[in-house]
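All remarks here apply to the structure that follows.
There are 2 protein chains.
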Amino acid sequence: MGLLTIDLNALAENYRMLQSMAGDGCEVGAVVKAQSYGLGAEKVSQALYNQGCRTFFIAKAHEIESLQGLPDDARTIVMNGYDPDHASIYAEHEMIPVLGSLYEVEAYKAHQDLSRKPCFFKFCTEMNRAGMGKDEWESILNNPGLIGGLQLKGVMAHFACADEPEHPMTEEQFKTFSKIAGHFSDQYEGLERSLSNSFGIFRDDKYHFDLVRPGMCLYGLNPTPYKTENPMKRVVDLSINVIRTRLIPKDEYVGYGATYRFEKDTHVALLSAGYADGIYRSLSNKGKVFWNGIACPIRGRVSMDMIVVDLSDVPEDERPNAGDRMELIGPHQDADALAEEAGTIGYEILTALGERYERVYKD
Amino acid sequence: MGLLTIDLNALAENYRMLQSMAGDGCEVGAVVKAQSYGLGAEKVSQALYNQGCRTFFIAKAHEIESLQGLPDDARTIVMNGYDPDHASIYAEHEMIPVLGSLYEVEAYKAHQDLSRKPCFFKFCTEMNRAGMGKDEWESILNNPGLIGGLQLKGVMAHFACADEPEHPMTEEQFKTFSKIAGHFSDQYEGLERSLSNSFGIFRDDKYHFDLVRPGMCLYGLNPTPYKTENPMKRVVDLSINVIRTRLIPKDEYVGYGATYRFEKDTHVALLSAGYADGIYRSLSNKGKVFWNGIACPIRGRVSMDMIVVDLSDVPEDERPNAGDRMELIGPHQDADALAEEAGTIGYEILTALGERYERVYKD
Numbered sequence: 001m002g003l004l005t006i007d008l009n010a011l012a013e014n015y016r017m018l019q020s021m022a023g024d025g026c027e028v029g030a031v032v033k034a035q036s037y038g039l040g041a042e043k044v045s046q047a048l049y050n051q052g053c054r055t056f057f058i059a060k061a062h063e064i065e066s067l068q069g070l071p072d073d074a075r076t077i078v079m080n081g082y083d084p085d086h087a088s089i090y091a092e093h094e095m096i097p098v099l100g101s102l103y104e105v106e107a108y109k110a111h112q113d114l115s116r117k118p119c120f121f122k123f124c125t126e127m128n129r130a131g132m133g134k135d136e137w138e139s140i141l142n143n144p145g146l147i148g149g150l151q152l153k154g155v156m157a158h159f160a161c162a163d164e165p166e167h168p169m170t171e172e173q174f175k176t177f178s179k180i181a182g183h184f185s186d187q188y189e190g191l192e193r194s195l196s197n198s199f200g201i202f203r204d205d206k207y208h209f210d211l212v213r214p215g216m217c218l219y220g221l222n223p224t225p226y227k228t229e230n231p232m233k234r235v236v237d238l239s240i241n242v243i244r245t246r247l248i249p250k251d252e253y254v255g256y257g258a259t260y261r262f263e264k265d266t267h268v269a270l271l272s273a274g275y276a277d278g279i280y281r282s283l284s285n286k287g288k289v290f291w292n293g294i295a296c297p298i299r300g301r302v303s304m305d306m307i308v309v310d311l312s313d314v315p316e317d318e319r320p321n322a323g324d325r326m327e328l329i330g331p332h333q334d335a336d337a338l339a340e341e342a343g344t345i346g347y348e349i350l351t352a353l354g355e356r357y358e359r360v361y362k363d
Numbered sequence: 364m365g366l367l368t369i370d371l372n373a374l375a376e377n378y379r380m381l382q383s384m385a386g387d388g389c390e391v392g393a394v395v396k397a398q399s400y401g402l403g404a405e406k407v408s409q410a411l412y413n414q415g416c417r418t419f420f421i422a423k424a425h426e427i428e429s430l431q432g433l434p435d436d437a438r439t440i441v442m443n444g445y446d447p448d449h450a451s452i453y454a455e456h457e458m459i460p461v462l463g464s465l466y467e468v469e470a471y472k473a474h475q476d477l478s479r480k481p482c483f484f485k486f487c488t489e490m491n492r493a494g495m496g497k498d499e500w501e502s503i504l505n506n507p508g509l510i511g512g513l514q515l516k517g518v519m520a521h522f523a524c525a526d527e528p529e530h531p532m533t534e535e536q537f538k539t540f541s542k543i544a545g546h547f548s549d550q551y552e553g554l555e556r557s558l559s560n561s562f563g564i565f566r567d568d569k570y571h572f573d574l575v576r577p578g579m580c581l582y583g584l585n586p587t588p589y590k591t592e593n594p595m596k597r598v599v600d601l602s603i604n605v606i607r608t609r610l611i612p613k614d615e616y617v618g619y620g621a622t623y624r625f626e627k628d629t630h631v632a633l634l635s636a637g638y639a640d641g642i643y644r645s646l647s648n649k650g651k652v653f654w655n656g657i658a659c660p661i662r663g664r665v666s667m668d669m670i671v672v673d674l675s676d677v678p679e680d681e682r683p684n685a686g687d688r689m690e691l692i693g694p695h696q697d698a699d700a701l702a703e704e705a706g707t708i709g710y711e712i713l714t715a716l717g718e719r720y721e722r723v724y725k726d
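Heads up: the sequence lines are chains X and B, in that order. Here the first sequence is numbered in this note's numbering, starting from 1 and rising by one per residue. Here the second sequence is numbered in this note's numbering, starting from 364 and rising by one per residue.
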């Protein structure tokens with residue numbers, strides 16, 4: 001058991017901060033794919049809508065199900081592209097696909113009804129992941145008939161290294177995107193240009209263009225990892241229930257595989273969550289939780305439903321009891337910090353937040 | 364997108380194999396916590412019920428919700444113990460708590476209605492995780508009044524190292540459990556004794572006692588990792604959709620952080636699943652998928668919703684196209700093998716299987 005608290009006021013404050021950074025000429029959308037990075041897309045998107053957000057980005061077409069509560073003046077953009085197998089989902093819902101290849105352009109054009117609805121294009125600039133390559137966009141520019149009839153509303157690209165300060169690829173990608181977007185803007189009036197994810201927004205105002213796509217920073221992760229301080233409000237708190245405490249005698253082991261041996265008699269707490277709840281097994285003998293601000297290291301392996309933490313540094317009369325909740329994510333350890341211990345990034349911590357926690361939305 | 368296939372026939376076959384190993388004197392229960400290790404507790408428990416399974420183990424009280432379809436002659440045992448905060452769930456459903464401390468015994472006794480219903484005890488033997496310690500079980504044996512009135516139906520302990528052949532702790536735990544269980548059996552007629560998880564079942568018949576609790580091996584993971592061959596049928600297949608293919612020129616990079624540089628012009632496929640779908644980020648530049656039995660290594664970092672795989676070893680005229688599905692878990696790579704690449708265990712692969720796949724249950 002555990003209590004996962006999502007602070008919708010902090011989320012709203014983060015969104016307003018981005019609005020003020022983006023200024024009047026730039027729309028601030030929101031990336032709400034993967035259940036808003038694990039936080040719950042329905043509640044998150046509603047809260048963002050209330051702050052004025054009208055453009056929501058998902059990765060996969062069927063994720064539209066999680067946004068059904070949004071009013072009609074909100075739009076949804078599907079970033080992983082158009083798959084003809086999903087034509088029926090597109091027919092049923094208003095969604096804008098981000099076409100990322102000539103194959104997708106052809107498939108979308110071939111669908112009589114859909115081809116009259118808006119679409120975006122994505123260009124692949126240096127990242128070699130999603131999006132049209134140079135050969136593809138040049139084909140289109142040289143032969144506009146290839147996309148004849150399509151309602152092209154916007155163009156996108158995606159930064160590969162914007163989290164690393166001074167990485168030369170970021171400025172290169174900006175230049176390439178500016179050039180291609182310029183060519184398309186000449187041909188398509190009112191075209192929306194979108195380049196920046198969270199990192200890009202904080203990197204440079206010139207990267208903002210017409211539409212920015214923050215995700216991680218909305219949810220409180222740090223979009224400026226090269227600076228000490230996180231400019232965003234923390235949105236997620238997670239505390240885990242104590243099942244029991246016990247005194248483990250000197251020289252005994254704990255957990256599967258007996259990987260940790262206690263060098264002295266040690267008070268520990270057994271907590272009711274494990275890797276099935278997103279507490280990565282890589283935190284075995286590494287991560288920690290907090291009690292009254294005091295760090296309590298994880299001892300032994302993380303199990304599927306339990307972890308054991310060391311209470312040595314907690315004064316005897318302040319030790320937690322069965323039923324108390326210890327902080328895994330909160331004021332003393334945010335998702336970024338926990339991720340570092342687990343050898344990953346805050347995103348992967350959030351998207352793994354389990355279904356077994358009690359969830360409370362603060363608003 | 365991806366297709367997750369759960370083979371309920373293979374699951375049934377695995378259960379029947381365990382029944383035949385356990386023999387007449389031993390009941391084979393099933394651990395269905397964490398949504399049956401990610402496979403879906405409702406369908407899995409129903410399929411096991413149809414094979415004669417009548418005892419289902421969950422970790423946390425509210426997981427009972429996933430078992431609501433089971434007939435009345437099935438019983439549910441809650442392994443993470445009794446939390447007084449969950450009294451209302453216990454009052455509403457027939458569930459047997461595994462009491463793991465004197466604190467829990469007191470709390471359960473204190474509830475007038477619950478205290479008349481059956482319970483199990485768990486003893487902590489060497490693992491120092493859940494369960495009553497020596498001081499606690501000795502208190503009870505010396506002073507049976509401590510548990511006076513409780514309907515003690517069974518006793519349990521849990522192996523710490525049964526996956527490691529010849530680990531001395533396993534035999535030690537067996538001896539300790541036998542002794543304590545013997546003392547309690549003297550006082551409580553018809554007491555059920557349960558020690559073995561999947562590993563224990565395969566380790567030695569004498570570890571079976573009256574009730575075994577397989578989990579991982581039911582779901583096709585290997586309960587005999589020290590042998591080459593997995594005696595279980597594979598239950599899970601997972602294949603991921605190709606979004607597009609592309610030719611990446613020599614010396615270019617792929618993905619976030621530009622962590623992989625291609626040494627030659629290389630055909631790759633972009634697949635529509637990432638770490639939000641349980642493809643751990645630790646598989647970056649490490650894991651692989653299969654196409655027609657040919658290994659295609661993951662290049663660059665695993666993203667939240669995408670991976671890129673190298674098609675170099677696939678003959679030109681056999682390359683996959685957009686819309687095809689490549690094998691992530693299947694005949695060429697089971698969950699255990701994928702786990703090894705990710706630096707973890709098969710359990711953590713299964714429990715992380717995302718909600719975004721299309722799920723098909725074969726029966």
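Glycine residues also receive a C-beta, built at the ideal position from the N, C-alpha and C atoms. If you're wondering where the values come from, they're calculated on a predicted model, not measured in any experiment.
- Message: Measuring only the C-alpha atoms, how far is V236 (chain X) from Y275 (chain X)?
- Response: For V236 (chain X) and Y275 (chain X), the distance between alpha carbons rounds to 18 Å.
- Taking three-plus beta-carbon pairs below 8 Å as touching, is the region 258-272 of chain X in contact with the region 199-212 of chain X? Because the criterion of three Cβ pairs below 8 Å is not met, the region 258-272 of chain X and the region 199-212 of chain X do not touch.
- Query: What number of angstroms, rounded off, separates the C-alpha of L11 (chain X) from the C-alpha of V44 (chain X)?
  - Reply: If I take the Cα positions, the gap works out to 8 Å.
- Task: Apply the 10 Å Cβ neighbour rule to T591 (chain B) and answer buried if 16 or more other Cβ atoms are within range, or exposed otherwise.
- Result: Under this definition T591 (chain B) is an exposed residue.
- Query: What are the uninterrupted segments assigned as beta strand (DSSP E) that are 3 or more residues long and contained completely in the region 197-270 of chain X, given in chain order?
  - Reply: Along the region 197-270 of chain X, the beta strand (DSSP E) occurs as fully enclosed runs of 3 or more residues at 236-248, listed in sequence order.
- Message: Below 8 Å on the Cβ atoms is my contact criterion, and I expect S284 (chain X) with N443 (chain B) to pass it. Report the Cβ-Cβ distance as a whole number of Å.
- Response: About 19 Å separates the Cβ atoms of S284 (chain X) and N443 (chain B), ruling out a contact at the 8 Å cut-off.
- Query: At least one CB of chain D closer than 8 Å to the CB of R609 (chain B): is that the case?
  - Reply: Absent from the structure is chain D; the protein chains it does hold are X and B.
- Going by DSSP, name the residue or residues bridged to S194 (chain X). Under DSSP, S194 (chain X) takes part in a beta bridge, and its partners are X:M156.
- Message: Please list the terminal residues of the continuous beta strand (DSSP E) segment that includes M326 (chain X).
- Response: Where M326 (chain X) is concerned, the enclosing beta strand (DSSP E) stretches over 325-329.
- Query: In three-state terms, what does DSSP make of A276 (chain X)?
  - Reply: Reduced to three states, the DSSP call for A276 (chain X) is helix.
- Message: If the cut-off is 8 Å on Cβ atoms, which residues from the region 122-138 of chain X count as contacting chain B, listed in chain order?
- Response: Under the 8 Å Cβ criterion, the region 122-138 of chain X contributes C124, E126, M127, N128, R129, A130, G133.
- Message: To be precise: take each residue of the region 619-644 of chain B, compare its Cβ to all Cβ atoms of chain X, and keep it if any distance is under 7 Å. Which residues remain?
- Response: Answer set for the region 619-644 of chain B: Y619, G620, A621, L633, S635, Y638, A639, R644.
- Task: Would you give the residue range spanned by the alpha helix (DSSP H) that G545 (chain B) belongs to?
- Result: Per DSSP, the unbroken alpha helix (DSSP H) holding G545 (chain B) starts and ends at 531-550.
- Item | D7 (chain X) versus G415 (chain B) - alpha carbon distance | D7 (chain X) and G415 (chain B): Cα-Cα distance of roughly 46 Å.
- Does the region 84-93 of chain X come close enough to the region 111-126 of chain X to have 3 or more Cβ pairs within less than 8 Å? The region 84-93 of chain X vs the region 111-126 of chain X: in contact.
- What is the DSSP secondary structure of E390 (chain B), reduced to helix, strand or coil? Three-state DSSP puts E390 (chain B) in a strand.
- Query: Checking contacts by CB at 8 Å: is G323 (chain X) closer than that to chain B?
  - Reply: Answer yes: the Cβ-Cβ gap between G323 (chain X) and chain B drops below 8 Å somewhere.
- Would you check if the distance between the CB atom of N14 (chain X) and the CB atom of D446 (chain B) is smaller than 8 Å? No.
- Is the CB of N443 (chain B) under 8 Å away from at least one CB in chain X? Yes, N443 (chain B) lies at the interface with chain X (some Cβ there is under 8 Å from its Cβ).
- Could you tell me which uninterrupted alpha helix (DSSP H) segments, each at least 4 residues in length, are contained entirely in the region 298-347 of chain X, listed from first to last along the chain? 335-342, all fully within the region 298-347 of chain X.
- Should N143 (chain X) go down as buried or exposed, given a rule of 16 or more other Cβ atoms within 10 Å for buried? With fewer than 16 Cβ atoms within 10 Å of its Cβ, N143 (chain X) is classed as exposed.
- Item | Selected residue, minimal CA-CA separation from C580 (chain B), among B:V391, B:D387, B:Y643 | Nearest C-alpha to C580 (chain B): B:V391.
- Spatial distance of G663 (chain B) from C524 (chain B) (CA atoms): Distance between the alpha carbons of G663 (chain B) and C524 (chain B) is about 36 Å.
- Cα-Cα separation between I77 (chain X) and H62 (chain X), rounded to whole angstroms: For I77 (chain X) and H62 (chain X), the gap between their C-alpha atoms comes out near 12 Å.
- Query: Taking the alpha-carbon positions, what's the T125 (chain X) to G182 (chain X) distance?
  - Reply: Here the alpha carbons of G182 (chain X) and T125 (chain X) stand approximately 15 Å from one another.
- Looking at C-alpha atoms only, which residue of B:T629, B:D640, B:G693, B:E679 is the closest neighbour of F653 (chain B)? With distances taken between Cα atoms, F653 (chain B) lies closest to B:G693.
- Express the C-alpha separation of I349 (chain X) and L191 (chain X) in angstroms, rounding to a whole number. Their Cα atoms are separated by approximately 36 Å.
- Chain-ordered residues of the region 383-396 of chain B with a beta carbon less than 8 Å from chain X: Residues are counted here when their Cβ sits less than 8 Å from a Cβ of chain X; for the region 383-396 of chain B these are K396, given in chain order.
- Task: Spell out whether any CB of chain X is found under 8 Å from the CB atom of K423 (chain B).
- Result: Closer than 8 Å to some Cβ of chain X, the Cβ of K423 (chain B) qualifies, so yes.
- Item | Element boundaries [alpha helix (DSSP H), containing Y108 (chain X)] | Residues 102-110.
- Which class does K122 (chain X) belong to by DSSP, given the choice of helix, strand or coil? Strand at K122 (chain X).
- Message: Check whether the region 694-714 of chain B and the region 666-673 of chain B touch, using three or more Cβ-Cβ pairs below 8 Å as the test.
- Response: Not touching, per the Cβ criterion.
- Item | Beta bridge counterpart(s) of W291 (chain X) as assigned by DSSP | Under DSSP, W291 (chain X) shares a beta bridge with X:I294.
- Query: F177 (chain X) and L195 (chain X): beta carbons closer than 8 Å?
  - Reply: For F177 (chain X) and L195 (chain X), yes; Cβs fall inside 8 Å.
- Query: For a contact meaning CB atoms closer than 8 Å, what does G415 (chain B) contact in chain X?
  - Reply: Correct list: empty, because the minimum Cβ distance to chain X is about 25 Å.
- Could you work out which residues of chain B lie near D366 (chain X), taking near to mean beta carbons separated by less than 9 Å? Nothing can be reported for residue 366 (chain X), as the shown portion of chain X is limited to 1 through 363.
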